[in-house]
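Novice:
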């Protein structure tokens, strides 16, 4: 690995940790309370409406640092792939029709965005998006935070509830990163994508909160 790539890996890992810390602070601070049992499907989320959740996300976003477009594209590709993996697990293992429909929408939208971001990254930087694995401490922390993995969804007693429980804060992390790049890039296409992510995933958080409340 080149010195440039190693530097960028460390910088992006540090940004992952900043986003993780913000999401954890949001959760612990009371916008969402949760616990996850390892592969048992046991969970608890404090009662609260979607507006409280989004207020917490909005307040946390104001204090976030800027992110340049190289970091954003690389990190969001990896973040989207995590969401696709969890959504595919829900489609395979879940039994709630509305949650399956949402999971399929997540797969379709985020796979398309992965393709677009990967294309931009190659055009801008002359190489493929760097791959992240479990040995990368930033990605490992993000993937390990509250067990946000496909296996945690498919192995849960209630895959639909596990998917909703994990995808809500996962979306919150994407919203924070998208907000960070709005102040870190002059690229109109990247800004437009970031705004789309914020709008779409904010709406999906509200939808998932309603699904959890109804179940």
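In my numbering, the protein residues as written are 1229 to 1443. Beta carbons: idealized from backbone N, C-alpha and C, even for Gly.
#1: Would you call residue 1393 buried or exposed, if buried means 16 or more other Cβ atoms sit within 10 Å of its Cβ?
#2: Taking three-plus beta-carbon pairs below 8 angstroms as touching, is the segment 1432 to 1440 in contact with the segment 1408 to 1420?
#3: I need the boundaries of the alpha helix (DSSP H) containing residue 1435, first residue and last residue.
#4: Excluding the 5 residues flanking residue 1315 on each side, which residues of the same chain have their C-beta closer than 6 angstroms to its C-beta?
#5: Beta-carbon within less than 8 angstroms of residue 1398's beta-carbon, same chain only, minus the 5 sequence neighbours each way: which residues are those?
#6: Just mark residue 1352 as buried or exposed, buried being the case when its beta carbon has 16 or more other beta carbons within 10 Å.
#7: Report the rounded CA-to-CA distance for residue 1428 versus residue 1385, giving the unit in angstroms.
#8: Apart from the five residues on each side of it in sequence, which residues of its chain come closer than 7 angstroms, Cβ to Cβ, to residue 1388?
#9: Are the Cβ atoms of residue 1300 and residue 1416 separated by less than 9 angstroms?
#10: Can you tell which of 1378, 1302, 1359, 1442 has the C-alpha that lies nearest to the C-alpha of residue 1341?
#11: Distance, Cα to Cα, residue 1381 vs residue 1344?
#12: Does the separation of the CB atoms of residue 1339 and residue 1418 fall below 9 angstroms?
#13: What is the residue span of the alpha helix (DSSP H) that residue 1347 lies within?
#14: Using the beta-carbon count (16 or more within 10 Å), is residue 1401 buried or exposed?
#15: Could you tell me the alpha carbon to alpha carbon distance between residue 1293 and residue 1403, rounded to whole angstroms?
Specialist: Taking the structure as given:
#1: Buried.
#2: Touching, no.
#3: That run of the alpha helix (DSSP H) goes 1416 to 1442.
#4: Around residue 1315, the same chain offers 1331, 1334, 1335 as residues with beta carbons nearer than 6 angstroms, after the five sequence neighbours per side are excluded.
#5: Within the same chain, residue 1398 has close Cβ partners 1307, 1310, 1311, 1314, 1376.
#6: It counts as exposed.
#7: When rounded, the distance between both Cα atoms is 29 angstroms.
#8: If we look at residue 1388 and ignore the five residues flanking it on each side, its Cβ neighbours are 1318, 1322, 1323, 1324, 1327.
#9: The answer is no: Cβ separation not under 9 angstroms.
#10: Checking every option, the nearest Cα to that of residue 1341 belongs to 1302.
#11: Each residue's Cα considered, the two are about 27 angstroms apart.
#12: In this structure, residue 1418 does not lie closer than 9 angstroms to residue 1339 by Cβ.
#13: Looking at the DSSP string, the run of the alpha helix (DSSP H) that includes residue 1347 is 1325 to 1353.
#14: Classified as buried, residue 1401 has 16 or more neighbouring CB atoms from the shown chains inside 10 Å of its CB.
#15: Across the structure, residue 1293 and residue 1403 are spaced so that their CA atoms are roughly 13 angstroms apart.
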